[in-house]
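Chemist: Here it is: the structure, laid out below.
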Amino acid sequence: MSLHFHWFLPTYGDSRNLMAGGHGSGMTGDRPADLRYLKQLAYAAEQNRFEAVLTPTGLWCEDAWLSTAMLIDSTDELKFLVAARPGLISPLLQAQMAATFQWQSEGRLLLNVVTGGEPSEQRAFGDYLSKEQRYARCGEYLDVSNRLWTSEDPVSFDGEYIKLDNGVLARRPDPVPPIFFGGSSPAAGTVAAKYADTYLTWGEPPAQVSEKLNWVRGLAAAEGRELTYGIRLHVIARDTSEQAWAEANRLLSNLDPEAVRAAQANLARSESDGQRRMRELHGGGLAYDEAADARSLEIYPGLWSGVGLVRGGAGTALVGSHEEVADLIAEYAALGLDHFILSGYPHLEEAYQFGEGVRPALIRKGLVEPDLDQGFQRVGGAFLAAPPVERGAPLAPTSS
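The C-terminal position of the sequence shown is numbered 400 in this note's numbering, with every residue numbered one higher than the one before it.
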């Protein structure tokens, strides 16, 4: 088994503290995510052997397509999991953008399809469809996109929401970008089963994640399909458990109580079933106490719901020593999860915390290919490049 690990690209900014907002409300960091910083983040992700970076979409962040396109030439192998909203632009235009991206990046595009769960945000983009209608349109959109990417003939389509006459691409994407898709509602499950390659869930306790995966597996089987599965989480990993929870406590203690109340009031209006499930993990902020210890928000051993007090979307973090975090990842992997999309505050430094601390533990557990970590050795709690072996020099003896 070799799991796929991805990092997050906060195009709205970064911070050493938890950031309030997102998913329908404003969100900015005290460390601006200009192009220079985004290049640093992309380089850190590539250096720490993350396969791709997820880039968000919405009013609260920069455009995902433009942001990632500007990073292609700054990286060598890093892939870009670009969040795209069906219906805001024509399916032919988005199919053309994907084909161009694949051509110029030499096949490094992945797509995270986001239908949108915040009515006010959708209306700001000029989208007045209901939630059920958005998912129905999404299904038509993905159907058309796949035909455009794979058909040698012009594509025409006459659906309820999507209409197209003789759409054709000058260049088809090679490979066709894999579709990542999340959603907890019945309508989301239907679309995922028919069109997704990888179904994504936010970080709930293992029993709840298992229930959700089994639900989607059943829907996909009815369509004659098999999917892969992924999870979106934050991570706070340190050399010791005490250090990790001390960092969680620091993040919690720096929250503004008014920011917590405002965020929860905004998130309570969301139409997203996944967002509702995130809020239920911490009681909609009711469990928050300014004087509380971070452990009061531990909803499963090593799974912390504190991020969701102020942040929309993914609201849980893996917290613990490098070994403990690797153990919890292994527990999730045993459920059938292949993809882990991670992030931390700040994203630059935490990419190295994971890459230098947790990844070696995953290699020891056989969850990551050993050759991904060659050339590094741990010395006194840090990772240093191993000295090169001179050509012709005798190799060190090994035990049999």
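Glycine residues also receive a C-beta, built at the ideal position from the N, C-alpha and C atoms.
Just so it is clear, the structure is predicted and the values come from calculations on it, not from any experiment.
1) Starting from the C-beta of Gln-264, find all residues in its chain whose C-beta is less than 8 Å away, skip the five residues before and the five after it, and write them out in chain order.
2) Between the C-alpha atoms of Met-27 and Val-114, what's the straight-line distance to the nearest angstrom?
3) Would you list the one or two residues that DSSP bridges to Val-53?
4) How big is the Cα-Cα spacing for Ala-396 and Leu-367?
5) Give the straight-line distance between the Cα atoms of Thr-100 and Leu-348, rounded to the nearest whole angstrom.
6) Which residue marks the beginning of the beta strand (DSSP E) containing Thr-198, and which one marks its end?
7) Might you give, ordered along the chain, the residues of its own chain that have their beta carbon closer than 6 Å to the beta carbon of Thr-228, omitting 5 neighbours on each side?
8) Could you have a look at Leu-109 and say whether DSSP puts it in helix, strand or coil?
9) Below 8 Å, how does it come out for the region 128-135 and the region 181-188: are there three or more Cβ pairs, yes or no?
10) Between Asp-373 and Arg-108, what straight-line distance do the alpha-carbon atoms span, to the nearest angstrom?
11) One question on the structure: do Gly-312 and Gly-22 come within less than 8 Å of each other, judged by their Cβ atoms?
12) So Gly-302 and Val-319 are in contact, right, with Cβ under 8 Å, and what is the actual spacing, rounded?
13) Compute the Euclidean distance between the alpha carbons of Leu-3 and Leu-335, then round it to the nearest angstrom.
14) Answer with buried or exposed for Ala-83, where buried requires no fewer than 16 other C-beta atoms within 10 angstroms of its C-beta.
15) Along the chain, where does the alpha helix (DSSP H) that runs through Ser-321 open and close?
16) Using only CA atoms, which one of Glu-290, Tyr-128, Leu-281, Tyr-37 lies nearest to Ala-317?
17) What are the uninterrupted segments assigned as beta strand (DSSP E) that are 3 or more residues long and contained completely in the region 149-197, given in chain order?
18) What is the DSSP secondary structure of His-282, reduced to helix, strand or coil?
19) So, is Asn-266 buried or exposed, given that buried needs 16 or more other C-beta atoms within 10 angstroms?
20) Whole alpha helix (DSSP H) runs in the region 245-274 with 4 or more residues, listed along the chain?
21) Within 8 Å, do at least three Cβ pairs link the region 145-156 to the region 165-175?
22) Using a 10 Å radius around the Cβ and a threshold of 16 neighbouring Cβ atoms, would you call Phe-125 buried or exposed?
23) Just how far apart, CA to CA, sit Asn-214 and Tyr-195?
24) From this set, Glu-247, Pro-205, Asp-289, which residue's C-alpha is nearest Ile-299's C-alpha?
25) Would you mind reading off the limits of the alpha helix (DSSP H) that contains Tyr-128?
26) Could you round the C-beta distance between Leu-164 and Pro-86 to whole angstroms and report it? I think they count as a contact, below 8 Å.
27) In whole angstroms, give me the CA-to-CA distance for Lys-39 and Arg-250.
28) Is DSSP giving Met-19 helix, strand or coil here?
29) In the DSSP output, what is Ile-231 paired with across the bridge?
30) Buried or exposed: Glu-258, going by 16 or more other Cβ atoms within 10 Å of its Cβ?
31) Can you tell me whether Ala-244 is buried or exposed, with buried defined as 16 or more other CB within 10 angstroms of its CB?
32) Pick from Met-70, Ala-222, Glu-118: whose alpha carbon is nearest that of Gln-104?
33) Tell me which same chain residues have a C-beta within less than 8 Å of the C-beta of Tyr-43, skipping the five on either side of it?
34) Below 8 Å between beta carbons: does that hold for Ile-231 and Val-209?
Modeler: By the coordinates alone:
1) Around Gln-264: Arg-279, Gly-284, Gly-285, Leu-309.
2) 18 Å
3) Trp-7, Phe-80
4) Per-residue confidence for Ala-396 stands at a pLDDT of 34, beneath the threshold of 50, marking its modelled position as unreliable; no derived number is given.
5) Cα-Cα distance, rounded: 29 Å.
6) 198-202
7) Within the same chain, Thr-228 has close Cβ partners Thr-198, Asp-338.
8) strand
9) Segments in contact, yes.
10) Only weak support exists for where Asp-373 lies, its pLDDT of 43 falling under 50; the coordinates are left without a value.
11) yes
12) 6 Å
13) 13 Å
14) By the neighbour-count criterion, in which a residue is buried when 16 or more other Cβ atoms sit within 10 angstroms of its Cβ, Ala-83 is buried.
15) It is not in any alpha helix (DSSP H) - Ser-321 instead sits in the beta strand (DSSP E) that spans 317-321.
16) Leu-281
17) 155-158, 163-167, 179-182
18) coil
19) buried
20) 257-267
21) yes
22) exposed
23) 17 Å
24) Considering only Glu-247, Pro-205, Asp-289, the residue with the shortest C-alpha distance to Ile-299 is Pro-205.
25) Run containing Tyr-128: none; DSSP gives neither H nor E here.
26) Between the beta-carbon of Leu-164 and that of Pro-86 there is about 13 Å, and that puts the pair past the 8 Å contact cut.
27) 28 Å
28) DSSP, reduced to helix, strand and coil, places Met-19 outside both helices and strands of the structure shown, so it counts as coil.
29) Thr-201, Phe-340
30) Classification for Glu-258: exposed.
31) Buried, by the Cβ-count rule.
32) Met-70
33) Ser-74, Thr-75
34) yes
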